[in-house]
Amino acid sequence: MKILVCIKQVPDADAPIRIGADGRSFAVTGGAWRMNRFDEFAVEEALQIREAFPGTVVEALSVGPARASAVLRRALSLGADEAIHILWEGEEEPLPGEVAALIAAYVRDRGYDLILAGVMAEDDMQAQTGPMLAERLGLPCATAVVAETIPPNGMTIRVERELEGGLREALEMPLPALLALQSGINRPRYPALSHVLRAQTQPLMTVRAGDLPAPPRRERVVLLFLPAPGAKTLFLTGTPAEKAERLAELFREKALLGN
Amino acid sequence: MRQGNEMNEGIAVILEGGAEGRPAPVSLELIAFAKSLRRNAAEPIRVFLPGRGIGAAAAELARLPGVAVTGIEGESLASYSAEAWKETLAPLLAARKTRFICVSHNANGADFAPGLAVRLGAACITAVEAFRIEAEGPVFSRSILKGKLQMEIVPEAETAVVTLLPGAFRRGDAPSSPMDKARKDGTVLLPEEFRRKAIPPTGATTLKEEKSEVQGDRAGPPAAEMISVPDIPLKTRPLGLLPAPDEAADLAAAEVIVSAGRGIGGEENIELLRRLASLFSRAAIGASRAVCDAGWLPCRYQIGQTGKTISPRLYIACGISGALQHLAGMRGSQCIVAVNRDPQAAIFRVADVAVVEELVSFLPLLIAACRKHREGAAEAGR
Chain A
480 MKILVCIKQV PDADAPIRIG ADGRSFAVTG GAWRMNRFDE FAVEEALQIR EAFPGTVVEA
540 LSVGPARASA VLRRALSLGA DEAIHILWEG EEEPLPGEVA ALIAAYVRDR GYDLILAGVM
600 AEDDMQAQTG PMLAERLGLP CATAVVAETI PPNGMTIRVE RELEGGLREA LEMPLPALLA
660 LQSGINRPRY PALSHVLRAQ TQPLMTVRAG DLPAPPRRER VVLLFLPAPG AKTLFLTGTP
720 AEKAERLAEL FREKALLGN
Chain B
1068 MRQGNEMNEG IAVILEGGAE GRPAPVSLEL IAFAKSLRRN AAEPIRVFLP GRGIGAAAAE
1128 LARLPGVAVT GIEGESLASY SAEAWKETLA PLLAARKTRF ICVSHNANGA DFAPGLAVRL
1188 GAACITAVEA FRIEAEGPVF SRSILKGKLQ MEIVPEAETA VVTLLPGAFR RGDAPSSPMD
1248 KARKDGTVLL PEEFRRKAIP PTGATTLKEE KSEVQGDRAG PPAAEMISVP DIPLKTRPLG
1308 LLPAPDEAAD LAAAEVIVSA GRGIGGEENI ELLRRLASLF SRAAIGASRA VCDAGWLPCR
1368 YQIGQTGKTI SPRLYIACGI SGALQHLAGM RGSQCIVAVN RDPQAAIFRV ADVAVVEELV
1428 SFLPLLIAAC RKHREGAAEA GR
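Here you go:
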């Protein structure tokens, strides 16, 4: 079986974030970039399928600027066999529609049996790239996938999607197919030392986005802004102990503390 | 700034019908959203309702003022399927050339909308929370980076598929007060204007092969246009709905919920939250999705859009960033206290009381202070 995992490099959302001078991009203090958490689940799922189906090849792919090679090395260190970097040299970040078109242009006719992606990127939170890629490739697709099993013949895949209200939907699709995975589907592993060493030296396959057919850009980011703080929010001040004292008083005033 | 969709006209709304379904609660929110996207009150809105046995639901929707309804009947539409939805809707929508196609950003909406946009060559803007109208058209606003920043984005195509985050539009952006009121008293499906005109939907259920459309109040009661579609060969085979495993843990009864986010740092620190919770009379522990995904707490503790919705008297968010999916589950809390070391965390925008501190050092101080006050109260009561 041949599996493609689509991964994205995103800023660490817990690091302090500034808005760039153009008003449309963001910068992370200290350049804290990492693999999108949802994609970590996708890499892990691919590796688990490879363990169940010996001979399976797992390839990781990322569309992004030069720095995105770091997440491809990360995927190799986790155990991916190959890594493909679609090098984006545009000034603005590519939008999901562009990313999906670029990946589709590269992937078409390469014979992947299964394409895995995270359900969304933690940075732009659009949840578009996976289903858009499936549509471009004419593949059946399921999003928010929380479980999958492939029967021994490797012809189909049974998946469970997460719905609202504590429900799941089960469905079966023929392979090839695309799944956008919800977080929590597995427990991503840590890199193994042997893979880490290989990941440092193994060449990435680099394809310049400019050498692929130009993707359509159908939306435009106008600006980014920091939302105003909540008008009614009271920020406690003082030493940590003073804040704790004030908060405990508040709980007592509301008669919430038990006896 | 020029948007491409000046030539197109009208707004489409796609609702989820399913089998013998009533429209989901998101329906009215989506329709209110569509109405406020209109250039003027004359711009038409058409609601598409795919499903099986949806005649009554379509007829009911057709009584809403200002919308025309197309019910799409088909055996292949009995349960939701991205393939069937795209296959059925794309030609109907392509023919209408609407400016906007509004879809709920729920599990199924988010599943088919991006693919539908690709099929139509349309722009796609997902998880929209608000918008403002500029001369060139609406500028949509959505959260990025777990809600730390907002992104304003515009379509640059003649048609745009826009998915609306459920619940986002009731925060006062909507001019439609009947909807807000309906939400408050829990009758989301039947707001005032809906109920007043409601008549038994008998007869409306009969499937009409040909288009049968009467529009406007003057011409008598409005009827839904019903289209029936032949069976669609689908690659995907639906196997039905399952309950998510691990149900239980009654957070609903708790007056105080102490909730853990990824910012608590590790499983070992949940004990601190338990100790804090033990000081309140009716308290429970909750968690964000990230905590359940990491296995620090079982998923029955999860609060949020795909977890539990709770409204305790006091919600103490510990190390929770405040992604909208989480806020959807706890915004109804009477008092929200947030403790997070990141002053930019989105949770602080919904919090009543905010504490910017490192949790692991702050919680022991808070526990000690609460103990002192509790004993003080006990003394005073003697």
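Just so you know, the sequences run in chain order A and B. Residue numbering for the first sequence follows my numbering, beginning at 480 and increasing consecutively. Residue numbering for the second sequence follows my numbering, beginning at 1068 and increasing consecutively. Note that the Cβ used here is the ideal one computed from N, Cα and C, for glycine as well. Bear in mind the structure is a predicted one, so any value in this text is a computation, not a measurement.
For a test of the three-state rule: what should DSSP assign to residue 711 of chain A, helix, strand or coil?
In the structure shown, residue 711 of chain A sits in coil (DSSP, three-state: anything other than H, G, I, E or B).
8 angstroms Cβ cutoff met for residue 612 of chain A and residue 584 of chain A:
Annotated as distal: residue 612 of chain A and residue 584 of chain A, with beta-carbon spacing of 8 angstroms or more.
Tell me which residues share the same chain as residue 607 of chain A and place their Cβ nearer than 6 angstroms to its Cβ, disregarding the 5 neighbours each side in the sequence.
Once the five neighbours on either side are set aside, the close Cβ partners of residue 607 of chain A are 575.
My output table needs one value for residue 1375 of chain B: the three-state DSSP class, helix, strand or coil.
The answer is strand: DSSP assigns residue 1375 of chain B an E or B state.
Tell me which residues share the same chain as residue 1322 of chain B and place their Cβ nearer than 8 angstroms to its Cβ, disregarding the 5 neighbours each side in the sequence.
Closer than 8 angstroms at the Cβ level, and outside the excluded window around residue 1322 of chain B, lie 1347, 1348, 1349, 1350, 1379, 1380 and 1381.
Distance CB(residue 505 of chain A)-CB(residue 660 of chain A) smaller than 8 angstroms:
Contact check for residue 505 of chain A against residue 660 of chain A fails: the beta carbons are separated by 8 angstroms or more.
For the beta strand (DSSP E) that contains residue 576 of chain A, what are its first and last residues?
It is not in any beta strand (DSSP E) - residue 576 of chain A instead sits in the alpha helix (DSSP H) that spans 575 to 586.
For a cutoff of 8 angstroms on Cβ pairs, would you count residue 582 of chain A as touching chain B?
Contact of residue 582 of chain A with chain B is not assigned, every C-beta pair being separated by 8 angstroms or more.
Could you have a look at residue 1255 of chain B and say whether DSSP puts it in helix, strand or coil?
Note that residue 1255 of chain B scores 31 on pLDDT, short of 50, meaning its location in the model is unreliable; the coordinates nonetheless yield the value given after this. Coil.
Suppose you measure from the CA of residue 1178 of chain B to the CA of residue 1340 of chain B; what does that come to, to the nearest Å?
So the two alpha carbons sit approximately 36 angstroms from each other.
Going by the CB atoms, is the gap between residue 1123 of chain B and residue 1112 of chain B shorter than 8 angstroms?
No; because the gap between Cβ atoms is not below 8 angstroms, this pair is not in contact.
In or out: residue 1176 of chain B buried (at least 16 other Cβ within 10 Å) or exposed?
By the neighbour-count criterion, in which a residue is buried when 16 or more other Cβ atoms sit within 10 angstroms of its Cβ, residue 1176 of chain B is buried.
CA-CA distance, residue 486 of chain A and residue 1190 of chain B?
One C-alpha to the other measures close to 23 angstroms.
Contact set between residue 1359 of chain B and chain A, taken where Cβ atoms lie within less than 8 angstroms
Listed along the chain, the chain A residues whose CB falls inside 8 angstroms of the CB of residue 1359 of chain B are 663.
Do you know whose CA, among A/698, A/733, A/558 and A/715, lies nearest residue 503 of chain A's CA?
Among A/698, A/733, A/558 and A/715, the Cα nearest to that of residue 503 of chain A is on A/698.
Let me know if residue 716 of chain A comes out buried or exposed under the rule of 16 or more other beta-carbons within 10 Å of its beta-carbon.
Residue environment: residue 716 of chain A is assigned as exposed (fewer than 16 neighbouring CB atoms within 10 Å of its CB, all protein chains considered).
Candidates B/1206, B/1432, B/1332 and B/1208, of which the one nearest residue 725 of chain A by Cα
When only C-alpha atoms are compared, the closest one is B/1432.
From what residue to what residue does the alpha helix (DSSP H) around residue 1407 of chain B run?
From DSSP, residue 1407 of chain B is part of no alpha helix (DSSP H) but of the beta strand (DSSP E) over 1402 to 1407.
Throw me the rounded Cβ distance for the residue 1393 of chain B and residue 1355 of chain B pair, which I believe falls under 8 angstroms.
That pair is a contact at about 5 angstroms.
If the criterion is Cβ atoms closer than 8 angstroms, does the pair residue 1155 of chain B and residue 643 of chain A meet it?
Remark: C-beta atoms of residue 1155 of chain B and residue 643 of chain A do not approach each other more closely than 8 angstroms.
Consider the Cβ of residue 1222 of chain B: report whether some Cβ of chain A lies at a distance smaller than 8 angstroms.
Residue 1222 of chain B counts as touching chain A.
Step through the CB atoms of chain B and report whether any lies within less than 8 angstroms of the CB of residue 640 of chain A.
Interface flag for residue 640 of chain A against chain B is set, since a Cβ pair is found closer than 8 angstroms.
Helix, strand or coil at residue 1411 of chain B according to DSSP, with G and I counted as helix:
In the three-state reduction of the DSSP assignment, residue 1411 of chain B falls in the coil class, being assigned neither a helical nor a strand state.
Is there a Cβ from chain A that is less than 8 angstroms from the Cβ of residue 1402 of chain B?
Closer than 8 angstroms: yes.
Take residue 1256 of chain B and list the residues in its own chain whose beta-carbon comes closer than 6 angstroms to its own, dropping the five residues that flank it on each side.
With a pLDDT of 31 at residue 1256 of chain B, under the threshold of 50, the modelled position of that residue is not reliable, and the figure given next carries that caveat. Here the set comprises nothing.
Residue 627 of chain A and residue 1182 of chain B: beta carbons closer than 8 angstroms?
Result no, Cβ atoms of residue 627 of chain A and residue 1182 of chain B do not sit closer than 8 angstroms.
Per the DSSP calculation, residue 512 of chain A is bridged to which residue(s)?
Beta-bridge pairing links residue 512 of chain A to A/490.
With DSSP as the reference, identify every bridge partner of residue 1190 of chain B, one or two as the case may be.
Residue 1190 of chain B has B/1227 as its beta-bridge partners, per DSSP.
Does the distance from the C-beta atom of residue 579 of chain A to that of residue 598 of chain A stay below 8 angstroms?
Between residue 579 of chain A and residue 598 of chain A, the gap from beta carbon to beta carbon reaches 8 angstroms or more.
Judging by CA-CA distance, which residue of B/1294, B/1363, B/1300 and B/1326 is the nearest neighbour of residue 1139 of chain B?
It is B/1294.
One question on the structure: do residue 500 of chain A and residue 511 of chain A come within less than 8 angstroms of each other, judged by their Cβ atoms?
Cβ atoms of residue 500 of chain A and residue 511 of chain A: not closer than 8 angstroms.
Would you call the segment 1393 to 1406 of chain B in contact with the segment 676 to 693 of chain A, where contact means no fewer than 3 C-beta pairs closer than 8 angstroms?
Counting C-beta pairs with one atom in each stretch, the segment 1393 to 1406 of chain B and the segment 676 to 693 of chain A have fewer than three that are closer than 8 angstroms, which means they do not touch.
Please confirm if residue 1314 of chain B has its CB atom under 8 angstroms from at least one CB of chain A.
Residue placement at residue 1314 of chain B is poorly supported in this model, since its pLDDT is 43, which falls under 50; the coordinates still yield a value, given next. With a threshold of 8 angstroms between beta carbons, residue 1314 of chain B makes contact with chain A.
For residue 1212 of chain B, three-class secondary structure by DSSP
Annotated three-state conformation of residue 1212 of chain B is helix, per DSSP.
Could you tell me which of A/731, A/712, A/713 and A/689 sits nearest to residue 570 of chain A, measuring between CA atoms?
For residue 570 of chain A, the closest of A/731, A/712, A/713 and A/689 by C-alpha to C-alpha distance is A/689.
Kindly list, in the order they appear in chain A, the residues whose Cβ is closer than 8 angstroms to that of residue 1347 of chain B.
Within 8 angstroms Cβ-Cβ: 730, 735, 736 and 737.
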